[in-house]
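>
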Amino acid sequence: MSEPAIQETLEEYGAMTRDLMAHYLPTPEADHYLYGPAADYPLRGGKMMRPSICIATARLFGASLEDSLKVAVSIELLHNALLIHDDIEDESETRRGQPTLHMKHGIPIALNVGDALALSSLRPLIHVFPRIGPWMGLKLIEDMERMARETAEGQAMELAWRHDNTLKLAPEDYLVMVLKKTCWLATIFPCRAGALLGSRSSIAEDAFMRFGFFVGAAFQISDDTLNIEAEAIYGKEACGDLLEGKRTLMLIDLLNLLRGDDLHRLVTFLSRKRSELAEDEIGWVREKIIDLGCLNRARSAARGMAGAAQHEFDLTFGHLPQSRDKAFLSGLACWSLSRSH
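Letter by letter, the sequence shown follows residues 189 to 529 in our numbering.
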């Protein structure tokens, strides 16, 4: 499927998800401290990749659009909840081109809104239970619990590296973190939930793990490179990952390459708080990442992940009949490399 066709599917399934999600969010005007802010991030848009993967997989396995959308809404509500909390933990200032929720309303209100959205994500699942039965409903909840646990563990890894100013890391450490923090919510659980919903039967413990990992890793590494390249269209802070001291594949590469005064300068940079970082220091780190080939090697790694994802797709989905949803899922990994935001 071409990039425009994938974008068209994302927009179509994304619009459906937003329309239904609005029914799970009370009228924003009703409250300025909870429901108004709760609708903020969902109304800003976003790529809508997670719900679209869920809907496409569910329909590919035979689920109705109605049931698929409810599970997709559950995923998107939880995703927005975690974005709010992530922005607080990262001290981010912008999200999707606007001030983050805690910058607009303060940390206490943002935390409470994030909690409310996370708990609200259970409601669409509860509403689909009568149609799929208690056994399948329990399977969905069990998978969602694992996804939430894996995501929290991945976030803890990243927070620990920054808190302890960890310097000795390998690419494998980054990939384990990405598997947990990114892939379970972005790709693995949406695929597994869709397949459970469509097949109405149990799936293997490791089903969609490899495909979801390779797609999610390609997406995340590409996202990291976009943060370094950052044009005006990009919805996050330019070089925000450097400001937050995130151990991306590129930064790990740079830490392992530098020696002497340059290494000391980078270690000093990473030890400082965000508010203490000067613009010229951020520019220096960015230039080193580009000049020493870290950016190009990360791009190459993302391409490798996309190629592996295509191989796993053929093994996992190859037996299913051709359809628009199958073509969409097949093209996701390459789309993640070519997107500009």
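Glycine is no exception: its CB is placed at the ideal position from the N, C-alpha and C atoms.
1. Which whole runs of the alpha helix (DSSP H) in the stretch 386-436 are 4 residues long or more, in chain order?
2. Do you know whose CA, among ALA226, ALA260, SER488, GLU200, lies nearest LEU299's CA?
3. Under three-state DSSP, which class holds ARG283?
4. If you count every other CB in all the chains shown that lies within 10 Å of the CB of ASN268, and 16 or more means buried, which is it?
5. I'd like the ranges of any alpha helix (DSSP H) spanning at least 4 consecutive residues and lying wholly in the stretch 213-296.
6. Buried or exposed for LEU520, going by 16 or more other Cβ atoms inside 10 Å?
7. The alpha helix (DSSP H) with GLY325 in it runs from where to where?
8. Cβ atoms of LEU458 and LEU442: under 8 angstroms apart, would you say?
9. Report the rounded CA-to-CA distance for LEU483 versus ALA336, giving the unit in angstroms.
10. When we look at the beta-carbon of THR205 and count the other beta-carbons within 10 Å, is it buried (16 or more) or exposed?
11. Let me make sure I understand the geometry here. Which of HIS499, LEU431, PHE505 has the alpha-carbon closest to that of VAL473?
12. Assign ALA203 to buried or exposed, taking buried as 16 or more other Cβ atoms, counted over all protein chains shown, within 10 Å of its Cβ.
13. Using 8 angstroms for Cβ pairs, my map puts ALA494 next to LEU525. What's the rounded Cβ distance?
14. Buried or exposed: which applies to TRP323, given that a residue is buried once 16 or more other Cβ atoms fall within 10 Å of its Cβ?
Here's the rundown:
1. With a minimum length of 4 residues, the continuous alpha helix (DSSP H) runs that stay inside the stretch 386-436 are 397-417, 428-431.
2. The residue from ALA226, ALA260, SER488, GLU200 with its alpha-carbon nearest to that of LEU299 is ALA226.
3. strand
4. buried
5. 223-226, 228-231, 237-248, 253-278, 289-293
6. buried
7. 322-351
8. no
9. Straight through space, the alpha carbons of ALA336 and LEU483 are spaced by roughly 31 angstroms.
10. buried
11. LEU431
12. exposed
13. ALA494 to LEU525, Cβ: 6 angstroms. Contact.
14. Exposed: under 16 other Cβ atoms inside 10 Å.
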